[in-house]
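Chains as they are written, first to last, in full-length UniProt numbering: chain A, 1 to 165; chain B, 1 to 165; chain C, 1 to 165; chain D, 1 to 165. No residue lacks a Cβ here, since even glycine has one placed at the ideal position from N, Cα and C.
4 protein chains.
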Amino acid sequence: MARGINKVILVGNLGNDPDTKYTQGGMAVTRISLATTSVRKDREGNTQERTEWHRVVFFGKLGEIAGEYLRKGSQVYVEGSIRYDKYTGQDGVEKYSTDIIADEMQMLGGRGEGGGGSRGEYRGGGDRPQQQRAPARQDAQPRREAPPAKSNDFADDFADDDIPF
Amino acid sequence: MARGINKVILVGNLGNDPDTKYTQGGMAVTRISLATTSVRKDREGNTQERTEWHRVVFFGKLGEIAGEYLRKGSQVYVEGSIRYDKYTGQDGVEKYSTDIIADEMQMLGGRGEGGGGSRGEYRGGGDRPQQQRAPARQDAQPRREAPPAKSNDFADDFADDDIPF
Amino acid sequence: MARGINKVILVGNLGNDPDTKYTQGGMAVTRISLATTSVRKDREGNTQERTEWHRVVFFGKLGEIAGEYLRKGSQVYVEGSIRYDKYTGQDGVEKYSTDIIADEMQMLGGRGEGGGGSRGEYRGGGDRPQQQRAPARQDAQPRREAPPAKSNDFADDFADDDIPF
Amino acid sequence: MARGINKVILVGNLGNDPDTKYTQGGMAVTRISLATTSVRKDREGNTQERTEWHRVVFFGKLGEIAGEYLRKGSQVYVEGSIRYDKYTGQDGVEKYSTDIIADEMQMLGGRGEGGGGSRGEYRGGGDRPQQQRAPARQDAQPRREAPPAKSNDFADDFADDDIPF
DNA sequence: TTTT
DNA sequence: TTTT
Chain A
1 MARGINKVIL
11 VGNLGNDPDT
21 KYTQGGMAVT
31 RISLATTSVR
41 KDREGNTQER
51 TEWHRVVFFG
61 KLGEIAGEYL
71 RKGSQVYVEG
81 SIRYDKYTGQ
91 DGVEKYSTDI
101 IADEMQMLGG
111 RGEGGGGSRG
121 EYRGGGDRPQ
131 QQRAPARQDA
141 QPRREAPPAK
151 SNDFADDFAD
161 DDIPF
Chain B
1 MARGINKVIL
11 VGNLGNDPDT
21 KYTQGGMAVT
31 RISLATTSVR
41 KDREGNTQER
51 TEWHRVVFFG
61 KLGEIAGEYL
71 RKGSQVYVEG
81 SIRYDKYTGQ
91 DGVEKYSTDI
101 IADEMQMLGG
111 RGEGGGGSRG
121 EYRGGGDRPQ
131 QQRAPARQDA
141 QPRREAPPAK
151 SNDFADDFAD
161 DDIPF
Chain C
1 MARGINKVIL
11 VGNLGNDPDT
21 KYTQGGMAVT
31 RISLATTSVR
41 KDREGNTQER
51 TEWHRVVFFG
61 KLGEIAGEYL
71 RKGSQVYVEG
81 SIRYDKYTGQ
91 DGVEKYSTDI
101 IADEMQMLGG
111 RGEGGGGSRG
121 EYRGGGDRPQ
131 QQRAPARQDA
141 QPRREAPPAK
151 SNDFADDFAD
161 DDIPF
Chain D
1 MARGINKVIL
11 VGNLGNDPDT
21 KYTQGGMAVT
31 RISLATTSVR
41 KDREGNTQER
51 TEWHRVVFFG
61 KLGEIAGEYL
71 RKGSQVYVEG
81 SIRYDKYTGQ
91 DGVEKYSTDI
101 IADEMQMLGG
111 RGEGGGGSRG
121 EYRGGGDRPQ
131 QQRAPARQDA
141 QPRREAPPAK
151 SNDFADDFAD
161 DDIPF
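Laid out in structure tokens, this is it:
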């Protein structure tokens, strides 16, 4: 049984252009390096800055979009979860890495080098682009145009297969 | 184009048993009333408490699960978005309502009246249970057992159709 | 005792210039109307859009900053909590309102009309500007320059009064 | 200037009792190991589980409370930010660590070994307990008892120094 | 009422 | 390595 919530929300800027690769199965895997900077003031009034560089990974359709639209300097909202990995390096030494596995992304106002005008929000399900299988939330029926009647019998407010926003 | 993030995270207790209804299409729509209480101390050291009662709505499979497992008093984690509605009441007066549309739910340690032992985490996509169509994230291939080899060519770390956790 | 989490995270654009007023005590109270738009695709492939207009309220120092730097069209990140109020209108009718009480704000890349170049992140504590009393987190000592030594005795990593980022 | 949002939200169970140490200045530094488990189903219907172990650090007053009330097995809500550190180990090798710096904590229904009945929510500001200096939000005046009158002149809704919940 |  |  699932136990626990592991959620990360980041807003930051890319330190470099995204790096996209493909698995043998054709799934896009895009990695970015995302900076978030925080500021604190000490008692003397000096400003203390610290920047974290997050390794964010996008899979599937989300990986394609990230690879296509993000650029060095782009400002982006990312939602995902933390994944810790342990592996043995080429040198035989055990190493650790931490990645943010993105499952939602949205480009913000910031424009990086060569930034394309197109922006959008996307939710990833790791779908292979070839399959083009719509994620569950896209199969959904539109919310009916008429405003909800708000009767006591609230289930009537929704039409067949109706999925709310 | 999608513009914006509208995200709500709640941890609270149900004020009553859930109320589940079904649309003509057979989709479950479950509503709960969820309390979150915050505390502040004023300068005199007096404790000030305030409780917000959130109207949370679960659709589809998530609605069925919420209706089955949650009970008055249950402690639950809910993630979703805010939806504001305006409608005309029976009395012809314009009214407003605010609902939290849940898209993730997880039962916590608290047990309400008659609380069942079963707990779990679920992500909703508004799927009708009858369809039993797996949400995108459930179609995913398991992460391969072998630890990621972490070569420079990181896309090789993932097998065909491999979807990470 | 506090029970529950009531957290809202919004990224959206202002529909109008902020509205700032002051209490008799001199505390700034700034309100904005923030739009978040979501998109879904129905089975026919039609795009369905829905915009929520959030009433966001900033108090104290945060209210001053919001009033000074935000403008119609500005894109902003807001973190806060939901507050539901019930009151009796001039007409003697009971009414309900829902507000997002902001406790963190950050301007994003978007620039509204007359948008000033200055941007920043701020955490509110409701401080009156006159008092200029530093919030707890600003009284903090800076993290020491030397990188953490990471001994087993991890508390040694932090100097007197040391507060991490 | 601060640029970016770095936010983590976790709900999980402690793998061990907390470890509390004190700096020379008397500040508590408490570390816990927090498990979050996620579940996915592959196409064959097999359940795939993966557990992440988060290293969470609490400072100051929050560190004291975490050390006193949390126990192995306790279920807890944690909010904070990710901090990546790089340091040179005893063996002269460069190492990396990732910590979640908590700034909010709330005990949930779960009770670990020897779990005390007391529960509560706390926000940390890294204050030394000795100082007992109230965090900004605790200096706040209580919300006045009378319901907000909701006039057009909304700033009048708040009394002198009034800070909302 | 914003934005793309 | 970003950004302001």
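Return the chain-ordered list of same chain residues with a C-beta closer than 6 Å to the C-beta of B:E44, the five sequence neighbours on each side being excluded. The answer is none, since no qualifying residue turns up.
Using the three-state DSSP reduction, which class does D:L14 fall into: helix, strand or coil? In the structure shown, D:L14 sits in a strand (DSSP, three-state: E or B).
Within the segment 16-90 of chain A, ranges of the alpha helix (DSSP H) (whole runs, at least 4 residues): Correct list: 60-69.
Which residues, in order along the segment 68-82 of chain D, keep a beta-carbon less than 9 Å from a beta-carbon of chain C? Residues of the segment 68-82 of chain D with a C-beta less than 9 Å from any C-beta of chain C: Y77, E79, S81, listed in chain order.
At a Cβ threshold of 7 Å, is D:V11 touching chain A? Yes - at least one Cβ of chain A is within 7 Å of the one on D:V11.
Proximal residues, the segment 1-30 of chain A versus chain B, C-beta separation under 7 Å: For the segment 1-30 of chain A, the beta-carbon criterion of a distance under 7 Å to any beta-carbon of chain B is satisfied by M1, A2, I5, K21, Y22, T23, Q24, G25, M27, V29.
Terminal residues of the beta strand (DSSP E) in which C:A102 lies: First-last of the beta strand (DSSP E) with C:A102: 94-107.
If you draw a straight line from the C-alpha of A:K7 to the C-alpha of D:D103, how long is it? Their backbone Cα atoms lie some 15 Å apart in a straight line.
Leaving out five residues before and five after B:V56 in sequence, what residues of the same chain have Cβ atoms less than 6 Å from its Cβ? Around B:V56: I32, L34, V78, I100, A102.
Spell out whether any CB of chain A is found under 7 Å from the CB atom of D:T36. For D:T36, the nearest CB of chain A lies under 7 Å from its own CB, placing it at the interface with that chain.
Among the residues of its own chain, which have a CB less than 6 Å from the CB of B:E52, if the five just before and after it don't count? Contacts found: T36.
8 Å Cβ shell around C:S81 - same chain, five flanking residues per side excluded: Excluding sequence neighbours, C:S81 sits near N6, K7, V8, I100, I101, D103.
Compute the Euclidean distance between the alpha carbons of C:K41 and C:Q48, then round it to the nearest angstrom. Each residue's Cα considered, the two are about 6 Å apart.
Can you name the residues of chain B whose CB is closer than 9 Å to the CB of D:G60? Within chain B, no residue comes near D:G60; the closest Cβ sits about 17 Å away, beyond 9 Å.
Under 6 Å Cβ to Cβ from D:K21, same chain only, skipping five residues before and after it: list those, please. Within its own chain, the residues whose Cβ lies closer than 6 Å to the Cβ of D:K21, once the five positions on either side in sequence are excluded, are V29, listed in chain order.
Whose CA, out of C:R83, C:D17, C:R50, lies closest to the CA of B:L10? Residue C:R83 is the option with its Cα nearest to B:L10.
Going by C-alpha to C-alpha distance, which of B:D85, B:N16, B:E94 sits closest to C:R50? The residue with the shortest Cα to Cα distance from C:R50 is B:D85.
I'd like to know whether the C-beta atoms of A:L108 and C:L70 end up nearer to each other than 7 Å. Not a contact, by the Cβ cut-off of 7 Å.
Let's test the definition: count the other Cβ atoms within 10 Å of the Cβ of B:Q75 and tell me whether it reaches 16, buried, or not, exposed. Buried is the call here.
Anticipated Cβ contact below 8 Å, D:T96 with A:Y87, distance rounded: For the record, residue 96 of chain D in the displayed sequence is Tyr; it is not Thr. About 12 Å; that fails the 8 Å criterion.
Would DSSP call C:G110 helix, strand or coil? Summary for C:G110: the model assigns pLDDT 47, below 50, so the residue's position carries little reliability; its value from the coordinates is reported in the next sentence. Correct three-state label for C:G110: coil.
Buried or exposed by the 16-neighbour rule on C-beta atoms within 10 Å, applied to B:G89: Exposed, because fewer than 16 other Cβ atoms sit within 10 Å of the Cβ of B:G89.
Judging by CA-CA distance, which residue of B:D17, B:G60, B:V93, B:A2 is the nearest neighbour of B:T23? Of B:D17, B:G60, B:V93, B:A2, the residue nearest in Cα terms is B:G60.
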